[in-house]
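Enquirer:
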Amino acid sequence: LDAARRKFPEIEPYFDEELPEPVKVKNLETVQGDERDVILLGICYGPTEVGAGSMSMNFGPLNRDGGERRLNVALTRSKQEMVVFTSFDPSLIDLNRTSARAVRDLKHFLEFAHRGPNVLAEAVQGSVGGFDSPFEEAVANRLQEKGWEVVTQVGVSRFRIDLGIVNPDRPGDFLVGIECDGATYHRSATARDRDKVRAGILEGLGWDLLRVWSTDWFVDPEREIERLHASLESFLNEKRATMESEASNIVAIEVESQEEVNPAMVASQASINPERELVASSQLDISKARAVNSVQGTYTITDFSESSKQINPERFYDESYDSVLLELIRITLISEAPIADDLLTQRIARAHDFKRTGRLIRERVMTLVDDHFHLRQDPINGTFVWLTETDFQSMITFRIPNEGEN
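Count the sequence shown with my numbering and you get residues 15 to 420, in order.
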């Protein structure tokens, strides 16, 4: 940092101790009590070689007692934004090689920073181990004979993965999940729960899934184990190709960053008009503010006043009334999505002056929703409805009530 301040004197004013909040550079153990609008967090541990498939589990103070408290303080110092810099994928943190709680927390934090809120459910420590059926045990044993490391019953509740296959290149990460039509599968209430919803939730949490049917296994187990083995090899080769591509990109970036800066460019930057520089700085601040606020939205309760003339409670169950209901659902989703399925049904019912939202009303609304809009199952909070799948991909982190609304 001292070398950078000497090389780029234009950044020196930001370190002036007379400023209300000068730039500070601190380590994990000295950051206590400091806060800033924006924190740049650098993880100064990582693999010793580019593209390495493993790394040391020595994270200094995080491995010691109380490391989780130090990490918690460091991760809560920013008031608006935190930018994380790391040289490794969180899957390289192998929790089988360390029992330090702080290291586990760091892994989950980096996964959250990398992939967003969807990974939070994966961090829950659920029941892991055991078999739901002799069929699952037979499949696991044959996969182990093929050289694959198998973890059974991964996850929580009814959304457990029957068999998790560990990535041999990254022991802290799963390569793929294998679904067997065992006890967990048959406990699901409906065919839709067993197939569409369950698979959608697990894939939404980042799992690649393979399936093996007991009927096919009992008829020809050799064929099925070879099919699974070939699929796993294919997934592994695909992952390795991706890693090699990422490693080559990193090397290219490092080479580019080591090139000398064009002296003419430096000279032209030094002669920038101060007024233009101020405008550029203002534009940067505005764009940065927009980036910070992009995680925040406003929650507005749906207003059906413009559609009131179309609403007819007596036609609610008529097939010819579908278009009106679809429009009311669409208006609700534009205003409130993502919205819980129960609350969406309630909104449509109240728009028709129905005092209660019974089974028939719910089935009427959700049948249309299932056919025309995007459903997303949350393993903790239930089912949510989105206008489109694209909206889900660009979701905001939180919303605040509109002024005057509770």
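Every residue gets a Cβ at the ideal spot worked out from N, C-alpha and C, and that includes glycine.
What you are looking at is a predicted structure, and each value in this text was computed from that prediction instead of being measured.
If you draw a straight line from the alpha carbon of Leu120 to that of Leu89, how long is it in whole angstroms?
Expert: C-alpha separation (whole angstroms): 10 Å.
Enquirer: Have a look at Glu163 and Asp108 and give me their C-alpha separation to the nearest angstrom.
Expert: Straight-line Cα distance between these residues: approximately 14 Å.
Enquirer: Quick one: Cα of Leu106 to Cα of Phe123, how far?
Expert: 13 Å
Enquirer: Between the Cα of Val226 and the Cα atoms of Ser248, Val98 and Ile192, which residue gives the shortest distance?
Expert: Ile192
Enquirer: Which residues in the same chain have their Cβ closer than 8 Å to the Cβ of Arg156, if we skip the five residues on either side of it in sequence?
Expert: Pro235 and Ile239
Enquirer: Buried or exposed: where does Thr381 fall if 16 or more other Cβ atoms within 10 Å of its Cβ makes it buried?
Expert: exposed
Enquirer: Around the Cβ of Asp48, are there at least 16 other Cβ atoms within 10 angstroms (buried) or fewer (exposed)?
Expert: exposed
Enquirer: At the level of alpha carbons, what is the spacing between Ile325 and Glu82?
Expert: Ile325 and Glu82 have their alpha carbons spaced roughly 56 Å apart.
Enquirer: How is the alpha helix (DSSP H) around Ala346 delimited, first residue to last?
Expert: Strictly speaking, residue 346 in this sequence is Thr, with Ala absent from that position. Per DSSP, Thr346 belongs to the alpha helix (DSSP H) from Asp336 to Glu350.
Enquirer: Go ahead and pull the three-state DSSP assignment for Gly67.
Expert: coil
Enquirer: For Thr229, would you say it is in contact with chain C, using Cβ-to-Cβ distances shorter than 8 Å as the test?
Expert: Among the chains of the structure shown, chain C does not appear; only one protein chain is present.
Enquirer: Among residues of its own chain, excluding the 5 on either side of Pro327, which ones have a beta-carbon nearer than 8 Å to its beta-carbon?
Expert: Cβ neighbours of Pro327 beyond the five flanking positions: His366, Asp367 and Phe368.
Enquirer: Following the continuous beta strand (DSSP E) through Thr112, name the residue where it begins and the one where it ends.
Expert: That residue, Thr112, is in no beta strand (DSSP E); it is neither H nor E in DSSP.
Enquirer: In the DSSP assignment, find the unbroken beta strand (DSSP E) run with Ser92 in it and report its ends.
Expert: Here the beta strand (DSSP E) through Ser92 covers Ser92 to Phe99.
Enquirer: Write down the C-beta distance between Gly350 and Thr316 rounded to the nearest angstrom, noting that I regard them as a contact closer than 8 Å.
Expert: At residue 350 the sequence reads Glu, which differs from the Gly that was named. Indeed, because the Cβ distance is near 6 Å, the residues count as touching under 8 Å.
Enquirer: Excluding the 5 residues flanking Leu55 on each side, which residues of the same chain have their C-beta closer than 8 Å to its C-beta?
Expert: Ala88, Leu89, Met96, Val97, Val98 and Phe99
Enquirer: Tell me, to the nearest whole angstrom, how far the beta carbon of Gly65 is from that of Glu258; I am working on the premise that it is less than 8 Å.
Expert: 7 Å
Enquirer: Which residue's Cα is closest to the Cα of His128: Asp103, Pro182, Glu341 and Phe29?
Expert: Looking at the Cα atoms, Asp103 is the closest of the given residues.
Enquirer: Return the chain-ordered list of same chain residues with a C-beta closer than 7 Å to the C-beta of Ala244, the five sequence neighbours on each side being excluded.
Expert: If we look at Ala244 and ignore the five residues flanking it on each side, it has no Cβ neighbours.
Enquirer: With which residues is Cys194 paired in a DSSP beta bridge?
Expert: Val226
Enquirer: Would you list the residues sitting across from Gln391 in a DSSP beta bridge?
Expert: Thr397
Enquirer: With distance defined between alpha-carbon atoms, name the residue in Val52, Asp332 and Arg174 nearest to Leu216.
Expert: Arg174
Enquirer: Less than 8 Å between the CB atoms is what I'm expecting for Glu340 and Ile362, so what's the real figure, rounded?
Expert: Note that residue 340 corresponds to Leu in the displayed sequence, not to Glu. So it is not a contact: roughly 10 Å between Cβ atoms.
Enquirer: Would a C-beta distance cut-off of 8 Å place Val39 and Leu76 closer than the cut-off?
Expert: no
Enquirer: Let me check one thing: in DSSP terms, what residues is Phe188 bridge-paired to?
Expert: Val180
Enquirer: Can you list, in chain order, the residues of its chain with a C-beta nearer than 7 Å to that of Ala114? Leave out the 5 residues immediately preceding and following it.
Expert: Leu76, Asn77 and Gly81
Enquirer: Between the Cα of Lys253 and those of Phe232, Ala116 and Asp183, spot the shortest distance and give me the residue it belongs to.
Expert: Asp183
Enquirer: Going straight from the alpha carbon of Asp176 to that of Ser319, what length do you get?
Expert: 50 Å
Enquirer: Check the C-beta distance from Val45 over to Gln94 and give it rounded, since I have them as a contact under 8 Å.
Expert: Rounded, the Cβ-Cβ distance is 17 Å, inconsistent with contact.
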